[in-house]
Amino acid sequence: MATIENLRDFIEQNQLEKVRALLNAHPEVVTAENPSDEELWLHFATWSADAAMVRLLVEAGANINARSELGYTPLHAAVESENRETLQELLALGANPNIPDQYGITPLLQAARAADQSFAAPLLDAGAKIDLNTMLALGDVEGVCELLERNPSAVQAAPAPSSLCDDALLMIAYKILRKAEQIDDKDEQDRMIAQYQHMLMSLFQAGVDINAPNPAGQPPLYTAMKLPFLSLTRFLLEQGADVNFQAHDGFKMVDAMALSGGGPDGQAMRAMLKEFGFQRTLKT
Numbered sequence: 001m002a003t004i005e006n007l008r009d010f011i012e013q014n015q016l017e018k019v020r021a022l023l024n025a026h027p028e029v030v031t032a033e034n035p036s037d038e039e040l041w042l043h044f045a046t047w048s049a050d051a052a053m054v055r056l057l058v059e060a061g062a063n064i065n066a067r068s069e070l071g072y073t074p075l076h077a078a079v080e081s082e083n084r085e086t087l088q089e090l091l092a093l094g095a096n097p098n099i100p101d102q103y104g105i106t107p108l109l110q111a112a113r114a115a116d117q118s119f120a121a122p123l124l125d126a127g128a129k130i131d132l133n134t135m136l137a138l139g140d141v142e143g144v145c146e147l148l149e150r151n152p153s154a155v156q157a158a159p160a161p162s163s164l165c166d167d168a169l170l171m172i173a174y175k176i177l178r179k180a181e182q183i184d185d186k187d188e189q190d191r192m193i194a195q196y197q198h199m200l201m202s203l204f205q206a207g208v209d210i211n212a213p214n215p216a217g218q219p220p221l222y223t224a225m226k227l228p229f230l231s232l233t234r235f236l237l238e239q240g241a242d243v244n245f246q247a248h249d250g251f252k253m254v255d256a257m258a259l260s261g262g263g264p265d266g267q268a269m270r271a272m273l274k275e276f277g278f279q280r281t282l283k284t
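In structure tokens form, the structure reads like this:
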């Protein structure tokens, strides 16, 4: 006879009838945590099973908008696992696309930040609300500029204000990388970067702190250097990025970046940092 301990295997193997029989015998299990990794069964099914299993669990009483310890909903799990089938099934069953995790990240913003942004479309179709972080991640440059001109307070209303600049920089990087085969020299790359400078200026003029560290403690300058784009790094420095940014624990990440890497680009980066007042050692 199948036991509750078998439920994980049954879900993973899409054994619908065995799961149905188990839930009929133990209906309370559908809202319990998976003991092996402390996540809810619907989250686990969204990761590892198919749409039919998701529907079965929801019809058996699983909360379609249940949140994990980190605030993850099943929709978050579907986006992260790139499970298009379970994502569409959850939306068809009425999952709320606007529930954020504990960091304020909605499934739509999660999809917008992914390499495959196609998961954003079904969420938008289901009524997901678009915010400034998401607009940046999706590359809606004109939309961002128009929104900030009309309503600068959109910066404060963003779900992740400290990541706005990072979302913009990473979007620029993705745009360039997607056209890598068509870009055969740094001049063309720099021309592409220049096209986004007005958007970055709109962010700064609306109050985005050019030195605000992201949740990982890294300032935008670190992100630009890590990419690495010399012209983008110079632009940030010219707008006031702190070349001697120091993390809360005393570690200077820009210092580490400046001392790493070789070749012409590494030399050019170090020369640029010195030009803007870079200090190699920490002040005591």
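Numbering (this note's numbering), first residue to last: 1 to 284. Ideal placement from N, C-alpha and C gives every residue a C-beta, glycine not left out. As the structure is a prediction and not an experimental result, all values here were calculated from the model.
Across the structure, residue 156 and residue 18 are spaced so that their CA atoms are roughly 49 Å apart. The C-beta distance from residue 210 to residue 246 rounds to 15 Å, too long to meet the 8 Å contact threshold. Annotated as proximal: residue 109 and residue 137, with beta-carbon spacing under 9 Å.
Counting other Cβ atoms within 10 Å of its Cβ, residue 122 reaches 16 or more and is therefore classed as buried. Selection 135, 215, 169 and 203 evaluated against residue 221 yields 169 as nearest (Cα-Cα). In chain order, 89 and 93 place their CB closer than 8 Å to the CB of residue 55, counting only its own chain and leaving out the 5 sequence neighbours on each side. Taking a contact as a CB-CB distance under 8 Å, the pair residue 231 and residue 265 does not count as one, their CB atoms being some 12 Å apart.
With 16 or more other CB atoms across the displayed protein chains lying within 10 angstroms of its CB, residue 196 is buried. Shown here, residue 40 sits in a strand according to DSSP, grouped into three states.
Residue environment for residue 131: buried (at least 16 other C-beta atoms within 10 angstroms of its C-beta). Cβ contact annotation for residue 202 (same chain, cutoff 6 Å, sequence separation greater than five): 145 and 148, in chain order. Only residues of its own chain outside the window of five on either side were considered, and among them 30 and 42 have a CB closer than 6 Å to the CB of residue 62, listed in chain order. Here the C-alpha atom of residue 105 lies approximately 23 Å from the C-alpha atom of residue 227. Taken through DSSP and simplified to helix, strand or coil, residue 82 comes out as coil. Beta-bridge analysis with DSSP links residue 33 to 40. The beta-carbon distance between residue 12 and residue 49, rounded to whole angstroms, is 7 Å. This is short enough to meet the 8 Å contact definition. The three-state reading of DSSP puts residue 279 in coil, since its state is none of H, G, I, E or B.
Every alpha helix (DSSP H) of 4 residues or more that sits fully in the stretch 179-209 is shown, in chain order, as 186-194 and 197-205.
For residue 96 and residue 205, the gap between their C-alpha atoms comes out near 34 Å.
Counting C-beta atoms within 10 angstroms of its own C-beta, residue 150 has fewer than 16 neighbours from the protein chains shown and is therefore classed as exposed. Residues of the same chain with a CB within less than 8 Å of the CB of residue 116, apart from the 5 flanking positions on each side, are 82 in chain order. DSSP places residue 69 in no alpha helix (DSSP H); its state is neither H nor E.
When DSSP states are grouped into helix, strand and coil, residue 103 belongs to the coil group.
DSSP, reduced to helix, strand and coil, places residue 24 within a helical segment of the structure shown.
The beta-carbon distance between residue 133 and residue 164, rounded to whole angstroms, is 6 Å. This is short enough to meet the 8 Å contact definition. DSSP, reduced to helix, strand and coil, places residue 130 outside both helices and strands of the structure shown, so it counts as coil. Assigned with DSSP and collapsed to three states, residue 161 falls in helix.
In terms of CA proximity to residue 45, 9 leads the group 25, 9, 24 and 153. Its chain contains 176 as the residues whose beta carbon lies nearer than 6 Å to that of residue 192, once the 5 sequence neighbours on both sides are disregarded; these appear in chain order. Under a 10 Å Cβ-count criterion, residue 271 is classified as exposed, with fewer than 16 other Cβ atoms of the shown protein chains found around its own Cβ.
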